[in-house]
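J.: After the structure tokens below, expect a handful of questions from me.
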Amino acid sequence: MNETEVRSKEQKIEEQLRNAVTILKEEQKSCVILSEDGAVRCSDAIGIKPLMVELRADRRAFQGSVIADKVVGKAAALLAVLGEVQAVFGRVMSEGAVSIFEKHQIPYQFETLVPYIENRTKDGMCPMEETVQLVENPEEAFEALEKTIARLMKK
148 MNETEVRSKE QKIEEQLRNA VTILKEEQKS CVILSEDGAV RCSDAIGIKP
198 LMVELRADRR AFQGSVIADK VVGKAAALLA VLGEVQAVFG RVMSEGAVSI
248 FEKHQIPYQF ETLVPYIENR TKDGMCPMEE TVQLVENPEE AFEALEKTIA
298 RLMKK
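Just so you know, the sequence shown maps onto residues 148 to 302 in the working numbering.
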């Protein structure tokens, strides 16, 4: 790819991400996945569930797509990398997520940056964020998150 083609691709990704953010905010969704071809997948599900559902079906579920989400922690970031996402927006994003996106050279945007994602009762770290705190490999993160979800579902 020459410099002009690279710039053109970056502009398309930026526009795609803007469109996903618009849908996220205007339709008040929790997660929007917008494909290169314009296909839109929206979810009202909380947490990383929308990403996990997609990745269970196809490990490359986000290839050519951008994701706009209300909350993007390190767990969501690792899942986005696993699914081969092009760019990510989070209304709230953790420092761990930023670190993952920078490591994998994935463009990202956020409205609010936080040290970590809190759990729903706001008295500690989100269990998904905690699960991947020391994990850097996206596939390992997916497997660890599946185990955590299974354990939490038994409660």
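A virtual CB, placed ideally from N, CA and C, is assigned to each residue, including glycine.
1. Secondary structure at residue 259, three-state DSSP: helix, strand or coil?
2. So, at 6 Å on beta carbons, what are the nonlocal neighbours of residue 242 in its own chain, with the 5 sequence-adjacent residues on each side left out?
3. When DSSP labels each residue in this structure, what does residue 190 get in the three-state scheme?
4. Using only the alpha-carbon positions, how far apart do residue 246 and residue 229 sit?
5. From the DSSP output, in three-state form, read off residue 185 for me.
6. Mind reading off the beta-carbon distance from residue 160 to residue 235? Whole number of angstroms is fine, and I expect it under 8 Å.
7. May I ask which residues mark the beginning and end of the beta strand (DSSP E) holding residue 275?
8. Name, in chain order, the residues that DSSP records as bridge partners for residue 173.
9. Buried or exposed: residue 175, going by 16 or more other Cβ atoms within 10 Å of its Cβ?
10. Does the separation of the CB atoms of residue 222 and residue 275 fall below 8 Å?
11. Assuming residue 240 is part of the alpha helix (DSSP H), what are its boundary residues?
12. Could you tell me how far apart the beta carbons of residue 248 and residue 224 are, in whole angstroms, since I believe they sit closer than 8 Å?
13. Is residue 215 helix, strand or coil when you go by DSSP?
14. How many angstroms separate the CA atom of residue 233 from the CA atom of residue 294?
T.: Quick look at the numbers:
1. Along the sequence shown, one-based indexing puts residue 259 at 112. Of the three classes helix, strand and coil, the one that applies to residue 259 here is strand, per DSSP.
2. Start at 1 with the first residue of the sequence shown, and residue 242 comes out as number 95. Within the same chain, residue 242 has close Cβ partners 262.
3. Counting from one through the sequence shown, the residue named residue 190 turns up at place 43. Residue state, collapsed to three classes: strand.
4. Position 99 of the sequence shown holds residue 246. Position 82 of the sequence shown holds residue 229. Rounded to the nearest angstrom, the two C-alpha atoms are 15 Å apart.
5. Locating residue 185 in the sequence shown gives position 38, counting from the first residue. Residue state, collapsed to three classes: coil.
6. Counted from its first residue, the sequence shown places residue 160 at position 13. Counted from its first residue, the sequence shown places residue 235 at position 88. Going by Cβ atoms, the distance from residue 160 to residue 235 rounds to 11 Å, so no, they are not a contact pair.
7. As a position in the sequence shown, residue 275 is number 128, starting the count at 1. That residue, residue 275, is in no beta strand (DSSP E); its alpha helix (DSSP H) goes 274-278.
8. Within the sequence shown, residue 173 is the residue found at index 26, counting from 1. Answer by DSSP bridge pairing: none, since residue 173 is not bridged.
9. Taking the sequence shown and counting its residues from 1, one reaches residue 175 at position 28. By the 10 Å Cβ count, residue 175 comes out exposed.
10. On the sequence shown, position 75 is the one that residue 222 refers to. On the sequence shown, position 128 is the one that residue 275 refers to. Yes. Within cutoff.
11. Residue mapping note: residue 240 aligns to position 93 of the sequence shown, counting from 1. Per DSSP, residue 240 lies in no alpha helix (DSSP H) segment; the continuous beta strand (DSSP E) that holds it begins and ends at 234-241.
12. Taking the first residue of the sequence shown as position 1, residue 248 is located at position 101. Taking the first residue of the sequence shown as position 1, residue 224 is located at position 77. Right, the Cβ-Cβ distance comes to about 6 Å (below 8 Å), so this counts as a contact.
13. Taking the sequence shown and counting its residues from 1, one reaches residue 215 at position 68. The three-state secondary structure of residue 215, taken from DSSP, is strand.
14. Taking the first residue of the sequence shown as 1, we reach residue 233 at position 86. Taking the first residue of the sequence shown as 1, we reach residue 294 at position 147. One C-alpha to the other measures close to 27 Å.
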